[in-house]
Structure formats: C-alpha cells, structure tokens
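Residues in the sequence shown are numbered from 5 upward in steps of one, following my numbering.
Glycine is no exception: its CB is placed at the ideal position from the N, C-alpha and C atoms.
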Amino acid sequence: MSGPDRPIGVFDSGVGGLTVLKELRRQLPNESTVYLGDEARMPYGEREAAEVVEFTRKAVQWFEREAQPKLILIACNTATAVALEIVREESSVPVIGVIRPGASAALTATSRRAVGVLATRLTVRSGAYFRALRDLDPLIDVIQQPAPKLVPLIEAGGARSDEARAAVREYIAPMLSEGAVVAPGVDTILLGCTHYPLVRWAIEQITGPVVRVVDSATTTALAVREVLDSHRLRATGDTPTQRVHATGSLDTFVQVARAMFGQATEVHPATLS
Ligand code: DGL
Numbered sequence: 005m006s007g008p009d010r011p012i013g014v015f016d017s018g019v020g021g022l023t024v025l026k027e028l029r030r031q032l033p034n035e036s037t038v039y040l041g042d043e044a045r046m047p048y049g050e051r052e053a054a055e056v057v058e059f060t061r062k063a064v065q066w067f068e069r070e071a072q073p074k075l076i077l078i079a080c081n082t083a084t085a086v087a088l089e090i091v092r093e094e095s096s097v098p099v100i101g102v103i104r105p106g107a108s109a110a111l112t113a114t115s116r117r118a119v120g121v122l123a124t125r126l127t128v129r130s131g132a133y134f135r136a137l138r139d140l141d142p143l144i145d146v147i148q149q150p151a152p153k154l155v156p157l158i159e160a161g162g163a164r165s166d167e168a169r170a171a172v173r174e175y176i177a178p179m180l181s182e183g184a185v186v187a188p189g190v191d192t193i194l195l196g197c198t199h200y201p202l203v204r205w206a207i208e209q210i211t212g213p214v215v216r217v218v219d220s221a222t223t224t225a226l227a228v229r230e231v232l233d234s235h236r237l238r239a240t241g242d243t244p245t246q247r248v249h250a251t252g253s254l255d256t257f258v259q260v261a262r263a264m265f266g267q268a269t270e271v272h273p274a275t276l277s
C-alpha cells in the first residue's frame, strides 16, 4: 500500500477513543482507520504513569507491526498526558495526542477564562491540561476534577444510567461554585477523557446552557487533517477500510460500539505482548 493510502491508527484504553474515531471518520471519510482498545488493562486512569507508558509503547509497536499506519492518534488523554512525548521519540510514525487539541477547544469556548477539566486521576495528577491551558493563556483559571467512577460505568454499558448522572453531579458541583477569580464557577467544562462525551447528556442536564461543554474530538480530527494536508498524506482512494480491535473481553466493547455508531461493528481480538 502506498504512503497516503495507509490507515490512521487510533488508540485508547477502551471504548472512549471511539468518540474521537467517529469525528475522524466524519471529517476524513476517505481515510482508512485501525482502532485498538486495550480493554484488558483499562482503566488506565487508575494506574501508575510508568505502566501507562509501557502499555502505550506496546500499543504503538502493535500498530507498527499489524497495521503499518501513516500516523498514530492516541485518542486517550491519560496515555497522551504521560506517554506521548516518549512514544513519539521512539516511533517511526508521527504520533498525535488529544490534550493540546482539547486545550485549544476549551480556550475557544471560554469567555470568562475559567475552565473546569474533568479527567481521570492520572491525567489530573500529571498536570498536562493545566500546563497546556496555561501555555495558551497564562492567566486562565483552571479547576481540575478527577472522575474515577465514570470510565468503569461507561465500559460496563451504564453511560445513560441514574448512577452516571449521580456521579457526574458529584464531580461537577465543585466546578460550578468555586475557584474562579472574576465570578464563581467555570463557564466551560472540558471533557478531558475520551470516554466522557458518552455522559455529556448528564453534564449538560446539570449545568444547563450557561456552561459550555467541550471535548477534544473535533479539534483533534482537525489537527490530524492539518498534518495529513501539510505532508501530502491524504488518502487518494475512495474505498477506505475500517477495522476495530480490542484486547480482553469483546462483548461490552461490541455493545458500546453499536450504541455509538448506530450499527453493528465487528471487533477483532488483539494481543499486546
Ligand atoms: N479514555 C481515556 C482517557 O481519555 C481513559 C480511560 C481510562 O482510565 O482507561 O483518558
């Protein structure tokens, strides 16, 4: 397969990255994609940074071996936060993460320069969003909130449950009343985990229209598009292939993928050595 017609590799710890894949397919319908969810070892957000670095490294090696991609997108904030710089150095393929695009989406959305970041424990601990937002605006108010209950709930198929709504309420309440200098609360909530768009309905129900809820999917797909364009790597054919792989149990993965794409998605097993 020639350079531009090779697929884009998309990686997440589980189903969350499918939210980015969906937007990628929307913006770049001619591109072939290969998705890998490391279902067997999620949630990454509860792990140590060194473990997530090792898992991400294995995932990148899997893509290089199994898919020969032209670009790898780490559609996982946690892996981006702790492993992007490292795997980028090691990989022969360009690697893009979701944190910088997420931060720029939040910056565009906030008018009072007060952003709440909902993310996994490891992403919050890494400070990656705090740094990315402060790089873009050194005076911006950032309130970070770890939301450890959400990924297991979403992976278990409970994204639309009362339990999800209760967990979301618990996590976002402090962001709506504390911290900002100019006025209480944030005006923008950034979904700093690619699983969280699946509970966006609950967040929007609780915040109402005064708070904007943004994620990294649109700006990340845009970043991929820009890289492909500037390096003349856009696919030349119009018969793209889409493959989805996961480690561990495929059952819930298949269910969540079907709910998200509105159609059955074949999921193939993968082994990361
Ligand atoms: N979807 C991943 C993220 O964006 C994290 C899920 C996990 O904890 O494994 O951070």
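From the options, residue whose alpha carbon lies closest to that of residue i
| i | options | result |
| --- | --- | --- |
| E93 | T112, Q65, A107 and V119 | Q65 |
| R262 | D9, A83, Q148 and T23 | T23 |
| F257 | S108, R10, P98 and G21 | G21 |
| L237 | D16, I76 and V56 | I76 |
| I193 | I176, L202, N34 and S181 | I176 |
| G13 | E50, R45, V99 and Q31 | V99 |
| G18 | S36, I158 and T240 | I158 |
| H249 | W205, Q72, A123 and D16 | D16 |
| A2 | Y133, M264, S253 and T245 | Missing from the structure shown is residue 2; the chain here goes from 5 to 277 and no further. |
| A71 | G120, L40 and D191 | L40 |
| P213 | T224, L180, G196 and T240 | L180 |
| T222 | V97, T124 and T112 | T112 |
| A53 | V86, L32, L25 and F67 | V86 |
| L126 | V119, R229 and V155 | V155 |
| E174 | V228, L122 and D9 | L122 |
| S95 | R10, V102 and F67 | F67 |
| V97 | P8, A170 and R51 | P8 |
| S108 | D233, V218, T251 and P150 | V218 |
Distance cut-off 6 angstroms: residue i Cβ against heavy atoms of the ligand DGL
| i | result |
| --- | --- |
| V155 | yes |
| D16 | yes |
| Y48 | yes |
| G20 | yes |
| N81 | yes |
| T112 | no |
| V198 | Before going further, note that residue 198 is Thr rather than Val in the sequence given. Yes. |
| T23 | no |
| T279 | Residue 279 lies beyond the residue range present for the chain, which begins at 5 and ends at 277; the question has no answer from this structure. |
Residue i burial status per 10 Å Cβ neighbour count (16 or more: buried)
| i | result |
| --- | --- |
| Q148 | buried |
| V185 | Here the model assigns V185 a pLDDT of 46, short of 50, so the residue's position is not dependable and the matter cannot be decided. |
| A268 | exposed |
| D166 | exposed |
| D255 | exposed |
| L88 | buried |
| A239 | buried |
| D191 | buried |
| E27 | buried |
| V172 | buried |
| S277 | exposed |
| I145 | Note that residue 145 corresponds to Asp in the displayed sequence, not to Ile. That one is buried. |
| S220 | buried |
| S115 | exposed |
For this session: Report yes or no: do the stretch 53-64 and the stretch 77-95 share at least 3 C-beta pairs separated by less than 8 angstroms?
Result: yes
Exercise. Any chance the stretch 200-215 sits against the stretch 130-145, with 3 or more Cβ pairs inside 8 angstroms?
Worked result: At 8 angstroms Cβ cutoff, the stretches do not touch.
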